[in-house]
Amino acid sequence: MLVIKNLTKSYSGQKRSLENVSFAARPGEVSVIIGPSGAGKTTILRSINQLISDDDGQIKLDDLDIRQLNRKTLKKVRHKIGMIFQNYNLIDPLTAIENVLHGRLGAKSTFAGMFSLYTAAEKKEALTLLEQMGLKDFAFKRCSDLSGGQKQRVGIARALMQHPKIILCDEPIASLDPKSTTLVMNILRKLAIEKKIIVLINLHQVEIAKVYADHIIGLNKGKVVFDDRSEKLNTAAINLIYS
Ligand SMILES: Nc1ncnc2c1ncn2[C@@H]1O[C@H](COP(=O)(O)OP(=O)(O)OP(=O)(O)O)[C@@H](O)[C@H]1O
Ligand SMILES: [Mg+2]
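Residue 102 in the working numbering is what sits at position 53 of the sequence shown, and the numbering runs on without skipping anything.
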């Protein structure tokens with residue numbers, strides 16, 4: 050379980066981007082953070098991964114307090130955190146399978162990583178993951194030649210290659226058409242339910258959040274103003290979040 054308590058963050062001297070943010074995200078569930086632009090959604094995800102410093106509060110992933118780890122342990126924990134981005138963050142000149150294999154890098158020695166020394170089992174796993182994403186025929190295509198929806202599914206396969214405990218998604222469907230949106234959101238939901246991964250997604254689209262989320266966190270100006278089951282998100286709550 051991911052438990053965040055009183056997370057507070059100011060970017061160098063500016064007013065607080067996050068103020069006493071507390072919520073929990075459970076394995077087997079899709080948790081979605083919604084809120085207006087600038088509410089602090091990305092800042093929360095970056096704090097969980099400790100990509101930003103100078104924050105305050107507690108971020109616990111199972112028994113580990115992520116903010117208190119030494120560098121070596123943090124590297125190990127980061128490897129258990131899969132990240133999915135709006136712009137996919139793939140290496141375009143490389144093939145889909147090469148990008149997926151990159152998900153293993155964090156588990157390898159620097160030497161093996163430097164020379165892209167992957168085992169036969171790892172290659173097989175990468176191929177299987179691409180198959181599960183419906184991309185069997187695209188495994189050896191360059192990512193630059195894939196559509197947005199296909200790229201995002203490569204991104205998900207790469208995250209799964211890390212055997213993550215948690216997948217953090219920052220606007221994963223913002224660049225996708227409705228058909229790809231449905232495909233990607235269904236995949237993320239399936240991962241939560243079948244693999245018991247904690248899935249935490251930042252979204253702009255309230256309607257999509259209501260369909261796919263079990264649990265919704267509403268953020269307004271850095272504060273949690275809603276934290277409940279998705280069916281409880283009524284008009285009053287939406288107005289409060291987007292006020
Ligand atoms: N690197 C930074 N330096 C200074 N301020 C920042 C930085 N990153 C974000 N902020 C500020 O922190 C606040 C929260 O930003 P954040 O990116 O987390 O919002 P968001 O909810 O993800 O917005 P969006 O929906 O537009 O992606 C905003 O006021 C933003 O201007
Ligand atoms: Mg953002």
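Just so it is clear, CB atoms sit at the ideal spot from N, CA and C, and this is done for glycine as well.
- The C-beta of L289 has fewer than 16 other C-beta atoms within 10 Å across all chains shown, which makes the residue exposed.
- A heavy atom of ligand 1 is found nearer than 7 Å to the CB of H253.
- Each residue's CA atom was taken as its position, placing T144 and C192 some 5 Å apart.
- DSSP places R127 inside the alpha helix (DSSP H), whose first and last residues are 120-128.
- Among the bridge pairs identified by DSSP, G267 is matched with I83, F275.
- Distance from the CA of A74 to the CA of A285, rounded to the nearest whole angstrom, comes to 23 Å.
- Within its own chain, the residues whose Cβ lies closer than 6 Å to the Cβ of L150, once the five positions on either side in sequence are excluded, are Y167, A175, listed in chain order.
- Apart from sequence neighbours up to five positions away, the residues of its chain that approach N98 with a beta-carbon distance below 8 Å are R127, I130, M132, L217, ordered along the chain.
- From the listed residues S59, Q254, L94, R153, the smallest Cα separation to I247 is found for L94.
- Leaving aside the five residues that flank S196 on each side, the residues in its chain whose CB is nearer than 8 Å to its CB run, in chain order, S229.
- In its chain, beyond the 5 residues on either side, M182, R202, I205 have a beta carbon closer than 8 Å to the beta carbon of I236.
- F189 places its beta carbon 8 Å or farther from that of I242.
- Neighbourhood of ligand 1, defined by CB distance below 5 Å to any of its heavy atoms: Y60, S66, S86, G87, A88, G89, K90, T91, T92, in chain order.
- When the five nearest sequence neighbours on each side are left out, the beta carbons in the same chain lying within less than 6 Å of the beta carbon of L67 are those of L56, T57, K58, G89, T92, G271, in order along the chain.
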